[in-house]
Amino acid sequence: MASLGKIARRTFLVGAAAVAGGVAFGYYEYRKPYPNPLKKGLASGEGTFNPYVKIASDNTVTIITGRAEMGQGVFTTLAALVAEELDVALEKVKIEHGPASPAYYNATALAEGAPFPLFEKGMVADSVRSLMGVVGKFLALQLTGGSTSTADAYEKMRLAGATAREMLKSAAAQKLGVSAASLKTENGVVTDPASGKTLTYGELASAAANVDPPSDVPLRDRGQWKILGKPQRRRDMPAKVTGKPIFGIDTHVEGMVYATVRMNPQPGGGVGKLDITDAMKMRGVKKIIALDSPYGKGFAVIADNTWRAFKAADAVKVEWENGPNPRTSDEIAGILDKTLAGTDSFALRTIGDPDKAFADAPREKIIEATYDAPYLSHAAMEPMNASARFKDGVLDVWSPNQSPTVVQIVAKRITGLADDKINVHTTFLGGGFGRRAEPDFSDYAIRVAMETDGAPVKVTWTREEDITHGPYRPVARAHYRARMGDDGMPVALTGAVASPSPMVSAVGRIMPGLPMGGPDNSIIDGAFNQPYSIPNYRISGYKAPIAIPVGFWRSVGCSYNAFMHESFIDELAHAGKHDPLEFRRKLMADYPVATALLDKVAAMSDWKNAPGPGRARGVALTIAFGTWVAEVVQVVQEGSSIRVENVWCAADPGLAVDPLNFKAQMMSGIIYGLSAAIGQAITFAGGAPEQSQFSDYDAMRMNQCPQINVEILENSGHLGGAGEPGTPPVMPALANAIFALNGQRIRALPLNKTVSFV
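Letter by letter, the sequence shown follows residues 8 to 765 in the working numbering.
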């Protein structure tokens, strides 16, 4: 079993290697920024100050966000960071995603993945986080994920706005013959208070862009904010509610042809016999090609519209070869059991001596439980799609993706082109949830484009193709064990979690051949790093050898670990005859952020007073992606079914840059989690997924949606995320509420295998 010391040392060495390769020979090399990609293709009279700001002579201010807008509001929030310091009105700026470029690297995603709980500070933890941030810069992945967009941008995008502001003031000072320090800025205008003279940003842009940027620009205190910390109008909403062509599936390029794909539904399986005779006779069909990619093997149909491509694909006669994976869900469960029975495990945080604590425990003091979570599909509303054009030695890809630089990596591997010949155009995303961090849909579009003689092609998947091809949220099984003391409080707790590694799976697809050994904290995320003070404590992870493609589903490992860990905590509370909320409060007494959230959610839900006949409540608290979240779910019995009636959520992200949008994201995560908890699962038969449409993989409907109330606290001192933290605690809170309602302790998701819901 790996110890924390070994893991910390290994992580340190990885970071040190990156430092030695790019930093140690000169600190300047690390501090040196990546080239500004906006300098390429500037319009006449337009100036760029850094990768985030362009200003034109007509006073058009363009802010580049560099992160994918998939409904989470990042388009607006990140632009607000720049606008605040630049002194421009948010509603008047133009906002763009920007090009694929290492200048928009996400260092926080890697730093936040350090193998330490959020609340663990100190030299080792802080050093490893810092080093992983350095590695993040050198990896230079432009990534929207891990609920890190705002945290990663918070300082550097504010600094970009402040630096541009000071450069504009310097240019104005030269024109007016005054000191830059004497000038004021407001609403895109520089003013000299002494003379009353003004110059617009547009008038100054060209000259200001050539000013040497100041090396040290102070950022404004929160008390000076005009935009940040307040709700802002979402800049993406007008286009969405009026049906503007903003999503990948809306892409249209002159001369476009259309295609769809059919890939072997058995992961890793090949193509046996392929008969395209009947399909090629169908109206509008231009070409049918074989596809062989790290993401799957199958074929693509190219036609003069999408519907005809779909119908022709149905007419292709194909015999799929069997894949190498387990044939059924029962076989998968057997592998998880065998994995848990093995000795190849790792632990990232061990408190006390759990083995010794259990050695002399009376049997009546031992509580054990096994929990299960299934594979899950992302099921984004916009099916997977991408468009591409390969012409005259240049590749253009229009893709609703979460990582443009990963699309570049894949495109370079397929075409052999240099980066400057690959243009990635990131569109709005009709739902991401981690699914669009995968480049498979872009990969297929690029391969098809190489067969269309220079014509642009839009490749659209059917819903069935989408749901039956993952990559999925991993399946997981966990065994928990606790020793209870005479006071009804736990003396020791251990958990063993078996699951395939999403990190190994995803990296293996994106960068085939790259070795991926060592611990994967995503397997036990949401369990090992929770704020419980138990004298003897250990959560162990076991990598299950199942090659079914898995990846990053909204909240990743937290999504199943929170269900298992918080359900078991609830079991201990009832076994010890404690109120579940007060039980948690005692175990988290060392963490005031947690107890404040529990107090808040207790007040919001009126926890101390029984909810009335036929109703019950359950509670859960988790830290996920830098944000502490406590949730209470109330259910009501309606005939033979259960309705989820209310959800109360208290969240502490340290700072809510846009409070209204933060609440909206909590609500979104809650609904996403409830959908999974109530009735979603991907099961396997004959080596392939059994679910293929919303008819057998449904989401929560409007008539099922509970009342949701969210309140924000800002005590943690750490800027956390918003997109994912609302999802993990709602699943165990619902299961705990059902136990409080009818005494059924459900240890396997989805819950509708045991009870029915309205």
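Ideal placement from N, C-alpha and C gives every residue a C-beta, glycine not left out. Just so you know, these numbers come straight off a predicted model, no measurement behind them.
Measure the beta-carbon distance from residue i to residue j and round it to whole angstroms, keeping in mind my assumption that it falls under 8 Å.
i                 : j           : result
phenylalanine 448 : serine 154  : Between serine 154 and phenylalanine 448 the Cβ distance is about 23 Å, and since that is not below 8 Å, they are no contact.
alanine 499       : proline 361 : 5 Å
glycine 733       : glycine 694 : The Cβ separation is near 35 Å, so there is no contact.
proline 381       : valine 511  : Proline 381 to valine 511, Cβ: 20 Å. No contact.
methionine 611    : alanine 657 : 6 Å
alanine 595       : alanine 603 : The sequence given here places methionine at residue 595; alanine does not occur at that position. Incorrect: roughly 10 Å between the Cβ atoms, too far for contact.
arginine 591      : leucine 605 : 6 Å
Based on Cα-Cα distance, which residue from the options lies nearest to residue i?
i              : options                           : result
glutamate 573  : Tyr679, Asn743 and Ser612         : Asn743
glutamate 623  : Ala609, Val642 and Ile630         : Reading the sequence as shown, one finds alanine at residue 623 and not glutamate. Looking at the Cα atoms, Val642 is the closest of the given residues.
proline 109    : Lys99, Asn43, Ala386 and Ala50    : Asn43
threonine 340  : Ala610, Phe254, Ala485 and Met164 : Strictly speaking, residue 340 in this sequence is alanine, with threonine absent from that position. Considering only alpha carbons, the answer is Ala485.
methionine 77  : Asp243, Thr205, Ala147 and Pro58  : Asp243
serine 336     : Asp606, Ser202, Val636 and Phe691 : Phe691
leucine 211    : Glu173, Gln751 and Leu402         : Glu173
proline 333    : Asp321, Leu383 and Gly275         : Gly275
alanine 348    : Ala505, Val639, Asp473 and Ser202 : Ala505
lysine 363     : Tyr487, Thr501 and Ser300         : Thr501
alanine 90     : Ile234, Arg396 and Val654         : Ile234
glycine 80     : Phe535, Tyr111, Thr151 and Pro106 : Thr151
aspartate 450  : Pro497, Asp426 and Met391         : Met391
alanine 637    : His432, Asn716 and Asn616         : Asn716
glycine 73     : Leu49, Pro124, Lys128 and Asp159  : Asp159
serine 222     : Gln231, Met263, Arg241 and Ala169 : Ala169
valine 325     : Ala307, Glu589 and Ala75          : Ala307
alanine 320    : Gly330, Leu281, Leu355 and Glu328 : Leu281
methionine 674 : Leu97, Val640 and Ile253          : Val640
proline 225    : Thr198, Val278, Asp586 and Met164 : Met164
tryptophan 314 : Tyr265, Pro542, Leu579 and Val651 : Tyr265
Quick one: give me the first and last residue of the alpha helix (DSSP H) that residue i is part of.
i              : result
glycine 686    : 666 to 686
aspartate 159  : 156 to 183
tyrosine 539   : Here tyrosine 539 belongs to no alpha helix (DSSP H), and DSSP marks it neither H nor E.
leucine 138    : 130 to 146
tryptophan 314 : 313 to 322
arginine 269   : From DSSP, arginine 269 is part of no alpha helix (DSSP H) but of the beta strand (DSSP E) over 264 to 270.
asparagine 722 : Run containing asparagine 722: none; DSSP gives neither H nor E here.
serine 300     : Here serine 300 belongs to no alpha helix (DSSP H); instead the beta strand (DSSP E) covers 292 to 300.
methionine 491 : Looking at the DSSP string, methionine 491 is not in any alpha helix (DSSP H); the run it does join, the beta strand (DSSP E), is 483 to 491.
glutamate 589  : 587 to 594
What first and last residue would you give for the beta strand (DSSP E) that runs through residue i?
i              : result
lysine 550     : 543 to 550
tryptophan 655 : 648 to 659
leucine 355    : 353 to 358
serine 394     : 392 to 398
alanine 637    : 634 to 645
glycine 209    : Per DSSP, glycine 209 belongs to no beta strand (DSSP E); it is in the alpha helix (DSSP H), 208 to 215.
threonine 567  : The sequence as given places tyrosine at residue 567; threonine does not occur at that position. From DSSP, tyrosine 567 is part of no beta strand (DSSP E) but of the alpha helix (DSSP H) over 565 to 582.
leucine 662    : Taken as a continuous stretch (DSSP letters only), leucine 662 belongs to no beta strand (DSSP E), as it is neither H nor E.
tyrosine 378   : 373 to 380
lysine 280     : 278 to 282
Can you tell me the Cα-Cα spacing of residue i and residue j, whole angstroms?
i              : j              : result
histidine 476  : tyrosine 302   : 9 Å
glutamate 731  : aspartate 65   : 40 Å
glycine 33     : lysine 39      : Because the pLDDT of glycine 33 is 40, which lies under 50, any placement of that residue in the model is unreliable, and the question is left without a value.
lysine 372     : glycine 492    : 7 Å
threonine 629  : tyrosine 539   : 10 Å
valine 142     : alanine 114    : 8 Å
alanine 609    : alanine 187    : 53 Å
lysine 550     : serine 352     : 7 Å
tryptophan 468 : valine 268     : 6 Å
isoleucine 71  : methionine 523 : 34 Å
glycine 437    : isoleucine 553 : 30 Å
glutamate 458  : proline 122    : 45 Å
glutamate 92   : valine 131     : 34 Å
serine 202     : threonine 192  : 14 Å
aspartate 94   : serine 189     : 16 Å
proline 124    : asparagine 653 : 30 Å
asparagine 194 : arginine 229   : 19 Å
Cβ-heavy atom distance between residue i and the ligand SAH below 7 Å?
i             : result
aspartate 379 : Ligands are entirely absent from the displayed structure, and the ligand SAH is therefore not among its contents.
* Spell out a yes or no on whether the region 737 to 757 and the region 679 to 692 are touching, meaning 3 or more CB-CB pairs, one atom from each, closer than 8 Å. => The answer is yes - the region 679 to 692 touches the region 737 to 757, with three or more Cβ pairs under 8 Å.
* Quick check: the region 698 to 709 against the region 749 to 762, are there 3 or more CB pairs under 8 Å? -> no
* At least 3 beta-carbon pairs within less than 8 Å: the region 544 to 559 vs the region 665 to 679 -> no
* Asked: When the Cβ atoms of the region 702 to 710 are set against those of the region 403 to 420, are three or more pairs found closer than 8 Å?
  -> no
* Counting pairs of beta carbons, one from the region 273 to 293 and one from the region 251 to 259, are three or more of them closer than 8 Å? -> no
* Could you tell me whether the region 50 to 66 touches the region 133 to 141, where touching means 3 or more Cβ pairs closer than 8 Å? => no
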